[in-house]
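Read top to bottom, the protein sequences are chains A and B. Numbered according to our numbering, the first sequence spans residues 3 to 228. Numbered according to our numbering, the second sequence spans residues 216 to 708.
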Amino acid sequence: MGVKFDFRTKLLVIALTMSLVAVLTSDILIYTLLVCLCIYLLIQGFYRQAIKYFAVCCVFILLRLFSGGNGITFLMPEMFLFMVLRILMMVMAAQPVFGMPPGEVVAVFKKIHAPSGIALPITFTLRFFPTIRSEFADVFSSLRLRKLLSWKHPLDAMEYIVTPVIFRSSRIAEELAASAESRGISNPGEHTCRRKLLFRKQDWLMCVIAVAITVMYFVLEGMVKV
Amino acid sequence: MTNCSKEHTAISFEKVSFQYPGAESPSVKDINLEVQTGEFIVLTGGSGCGKTTLTRIINGLANNFYEGTLTGNVSLLGVPISDYPVYEIGKLVGSIFQDPRSQFFASITEDEIAFGCENYGVPFEELEMRVTKAVKDINGEMLLGKEIYPMSSGEKQKIAIASVNAVNPQIYVFDEPSANLDMFSVEALKELMRKLKQAGHTIVVAEHRLYYLTDLADRFLYMENGRLQKEWSAMELLQLSELERKSIGIRTADLQKIETIPPVQVKKTETISVENLSFAYRKNPVFEDLSFKAYAGDLIAIIGHNGVGKSTLSNIMCGIKKENAGNILYCGKKVSRKRRKDFAYFVMQNTESQFFGDSVAEELRLNRKKATDTQIKELLTLYGLSEWSDFHPATLSGGQKQRLTLAVSDWIDTPILILDEPTSGLDFQNMQRISDHLKSLTEKGKTILVITHDYEFAAMTCNRALYFSDRNHIDDFPIQGNLEKLYSCLMAH
């Protein structure tokens, strides 16, 4: 099933990845970071997800190589390809926290004394994305039935997809928040967790490796710039 | 409404009104109500009558989460609700919401059930005990360790109840708990409610469907325009004449009083012929070798338990999914998957995912760019939506959204129309409206298939039933004269 890391380790990896994708400019460093993230997912047992993310990232890398840095038509300018690749890498780093038990997330935030202004939105977000996933399938089916999905009018199609998803998302977000509120999520007192919060050897090891890799990338980035 | 000593009063309302921020008028007005400890009350009334708001006042969300203006005095267990911090109310009042999909936080059953206890700092050793007891109380041992997302609505509802049960509040508030459930799951819900009542809990249920509550509830309170208007005991409710019930606009309390429609004149023109259809997800067969025919004017209830393939069949019939084997003939011709949407239109259960326009009028214009304002107005008037022409579809009520999806289907105008649970969460008047409208469409020669768990709606609307009894068999029977069979098919699991 793969190695289990503590939520704090996963948070550190997300924070380090975010700082790296924001700073790194060298393509080769970005591509090798992609490989590191795939290994990070694989050792935790996210085999299918690692392959999917890797494949999608490869498509975007190939598109960038193919376009020679000029982008592909007005629909996919270079900046779009550049951004998508980096966003995908952040999502890869965040993958292990999607679907985590909410009690563990809340208890860790309490333990590290994270301000509730940060902790509560993150807890909601973790639950929110899996919940709206199925909404997209319904939207696509409905668009096809109404014959509104057309490659000839991609911007219209994009608007049609986004509009219902945004409305549905806001409703789901409200219902989820109401449900959490009625179950004491904002209790300022102690929160417990049915899964024991243990920061084990593998967590220390992962944190050291993640920090070391990050430092190495910063150094290499500096050398590339020079 | 009931006089009793203070220490036995679980919920007390004195001249309570509540207005949501931005609303033009209060949603509930001048409510006086006392609910005794251990009492079971049902709030009913048409959509927008204020019953959900009343439940939100009890669980503290109205004031603290929706941030509206509350006037009057509300007390829980003898203490003014304003004296409780919002997070403390959850220990006294457990809430079970209408849509099971959007009330879960965890992926796995035990984590979800433990969530409330974890938030209240229940010690580690006690947590496991509470989870085990809550699971036992719902007879949910089979659900342990399972992912919640793929579960049926009934199973999700059970887990929602268990997760509240683990915190052990005195008061339980249910907001339309049966809206997304099949009849078998409604029976299971009823048994869980019975256990809660027997354990001495106070229960408040806001609900349209009343038939399953008559031998549980102590009082039925009818609301209209934000006010409590009538109060019945279960016996009084059951004794209402059909005429009186329909004029008040509530759903039946006694399924035996439902009458079928007189036999309709179905034309002999064959519109659908499904021949030996099979479908499997990867290697798991959903259905095999299914065959049936339908004719112009048929209004068919598609029934069967969750997961038997009703929605999958509908998706195949309109070309969203592809069958593994078999044929679909429309009007006598074999139709390829791509062209099926020219013949059959599918109105999905989730209406909000089917609107793409900025306004109700624009929604219709999307499928007929050249339509004149007059044509749009005529259609909206037909569906009782002309007043909302400039409103965004997302701001409409459940019944209005359902009518708008039907108005859209009118313009797409396929000979076959398939609907998935069109009456889920609808009050009697909206259900009646949908029923009448579908009948009028069949009179014009359309063939309509309705996936439904709603006995009342199926009995008063459809002429035939297709019951998915198992993977490779459909039982096809007329509803007229077969109400007992319809009931037993809907109750089967």
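The C-beta atom is built at its ideal place from N, Cα and C for all residues, glycine as well. Treat the numbers as computed from the prediction; the structure is a model and nothing was measured.
Classify N383 (chain B) as helix, strand or coil using the three-state DSSP reduction.
Here N383 (chain B) carries a coil assignment [DSSP, helix/strand/coil].
Are three or more beta carbon pairs between the region 419-426 of chain B and the region 337-345 of chain B nearer than 8 Å?
No, the region 419-426 of chain B is not in contact with the region 337-345 of chain B.
Look at C533 (chain B) and I633 (chain B) and say whether their C-beta atoms are less than 8 Å apart.
Yes; because the gap between Cβ atoms is below 8 Å, this pair is in contact.
Let me check understanding here. Comparing Cα to Cα, which of A:T11, A:F9, A:T19, A:L26 lies closest to M225 (chain A)?
Comparing alpha carbon positions, the residue from A:T11, A:F9, A:T19, A:L26 closest to M225 (chain A) is A:L26.
Check the Cβ-Cβ distances between P338 (chain B) and every residue of chain A, and say whether any is below 8 Å.
Yes, P338 (chain B) lies at the interface with chain A (some Cβ there is under 8 Å from its Cβ).
Would you call the region 571-588 of chain B and the region 612-626 of chain B in contact, with 3 or more CB pairs under 8 Å?
As far as the Cβ criterion goes, the region 571-588 of chain B touches the region 612-626 of chain B, which means the pair count is three or higher.
Ignoring anything shorter than 4 residues or poking outside the region 91-153 of chain A, list the alpha helix (DSSP H) runs there in chain order.
Runs of the alpha helix (DSSP H) inside the region 91-153 of chain A: 104-113, 118-147.
Against chain E, does Y302 (chain B) count as a neighbour if the rule is that its beta carbon must be under 8 Å from one of theirs?
Protein chains A and B are contained in the structure displayed, whereas chain E is not.
Are the Cβ atoms of N288 (chain B) and E229 (chain B) separated by less than 8 Å?
Against a cut-off of 8 Å, the Cβ pair of E229 (chain B) and N288 (chain B) comes out as a contact.
Among A:A96, A:M92, A:A57, A:I30, nearest to G46 (chain A) - alpha-carbon criterion:
In the sequence as displayed, the identity of residue 46 (chain A) is Gln instead of Gly. Ranking A:A96, A:M92, A:A57, A:I30 by Cα distance to Q46 (chain A) puts A:A96 first.
Contact between the region 343-354 of chain B and the region 198-209 of chain A is defined here as three or more beta-carbon pairs at a separation below 8 Å; is this criterion met?
The answer is no - the region 198-209 of chain A does not touch the region 343-354 of chain B, with fewer than three Cβ pairs under 8 Å.
Which same chain residues end up closer than 7 Å to T217 (chain B) when comparing Cβ atoms and leaving out the 5 residues on each side of it in sequence?
Only weak support is given to the placement of T217 (chain B): the predicted model assigns it a pLDDT of 41, under 50, and the value that follows is read from those uncertain coordinates. The answer, listed in chain order, is E249, Q251.
With distance defined between alpha-carbon atoms, name the residue in A:S21, A:S28, A:G105 nearest to Y335 (chain B).
Per the Cα distances, A:G105.
Exposed or buried, which one is G464 (chain B) when buried takes at least 16 other CB atoms within 10 Å?
When all chains shown are included, G464 (chain B) counts as buried.
Looking at the unbroken alpha helix (DSSP H) that takes in P156 (chain A), where does it start and where does it end?
Per DSSP, P156 (chain A) belongs to the alpha helix (DSSP H) from 156-183.
Could you work out which residues of chain A lie near Q617 (chain B), taking near to mean beta carbons separated by less than 9 Å?
In chain order: nothing, as chain A lies at least about 14 Å away.
Where do the ends of the beta strand (DSSP E) carrying D635 (chain B) lie?
Membership of D635 (chain B) in the beta strand (DSSP E) is indicated by the continuous run 631-635.
N499 (chain B) - containing beta strand (DSSP E), residue span
Per DSSP, N499 (chain B) belongs to the beta strand (DSSP E) from 499-510.
Pairs of beta-carbons, one from the region 228-247 of chain B and one from the region 278-286 of chain B, closer than 8 Å: are there three or more?
Contact holds: three or more Cβ-Cβ distances are below 8 Å.
Sheet register partners of R679 (chain B) (DSSP bridge)
According to DSSP, R679 (chain B) bridges with B:I515, B:P693.
Could you tell me whether the Cβ atoms of Q615 (chain B) and L594 (chain B) are closer together than 8 Å?
Contact: no.
Along the chain, where does the beta strand (DSSP E) containing S290 (chain B) start, and where does it finish?
Here the beta strand (DSSP E) through S290 (chain B) covers 284-291.
So with CB distances below 9 Å, who are the chain B contacts of T165 (chain A)?
Those are F570, F571, G572, D573, A609, listed as they occur along chain B.
Going along chain B in order, which residues have a C-beta closer than 7 Å to the C-beta of I187 (chain A)?
N334, listed in chain order.
Just the Cα atoms here: how many angstroms apart are M20 (chain A) and P103 (chain A)?
Between M20 (chain A) and P103 (chain A), the C-alpha separation is close to 23 Å.
Using the C-alpha atoms, what's the distance from Y162 (chain A) back to H155 (chain A)?
Answer to the nearest angstrom: the Cα atoms are 11 Å apart.
Suppose you measure from the CA of M81 (chain A) to the CA of L90 (chain A); what does that come to, to the nearest Å?
Taking the Cα positions, M81 (chain A) is about 14 Å away from L90 (chain A).
At the level of alpha carbons, what is the spacing between F62 (chain A) and N72 (chain A)?
Taking the CA atoms as reference points, F62 (chain A) sits about 13 Å from N72 (chain A).
Looking only at DSSP bridge pairs, what is T662 (chain B) linked to?
Per DSSP, B:I631.
Listed by chain order, chain B residues near V23 (chain A) by CB distance under 8 Å
What V23 (chain A) touches in chain B: nothing, since even the nearest Cβ is about 27 Å away.
Can you check which of these residues, A:T216, A:A214, A:L222, A:R197, is closest to D8 (chain A) by C-alpha distance?
Answer by Cα proximity: A:R197.
Under 7 Å Cβ to Cβ from E362 (chain B), same chain only, skipping five residues before and after it: list those, please.
S322, I323, listed in sequence order.
Distance between K6 (chain A) and D205 (chain A) (C-alpha atoms, nearest Å):
Straight-line measurement puts the Cα of K6 (chain A) at about 9 Å from the Cα of D205 (chain A).
Length at least 3, wholly inside the region 257-329 of chain B: the beta strand (DSSP E) runs in chain order
Entirely contained in the region 257-329 of chain B, the beta strand (DSSP E) runs reaching 3 residues are, in chain order, 284-291, 308-311.
With a cut-off of 8 Å, do at least 3 Cβ pairs link the region 453-468 of chain B to the region 491-507 of chain B?
Contact annotation: the region 453-468 of chain B does not touch the region 491-507 of chain B, with fewer than three C-beta pairs closer than 8 Å.
Closer than 8 Å, CB to CB, is N278 (chain B) near chain A or not?
Judged by the 8 Å Cβ criterion, N278 (chain B) is not in contact with chain A.
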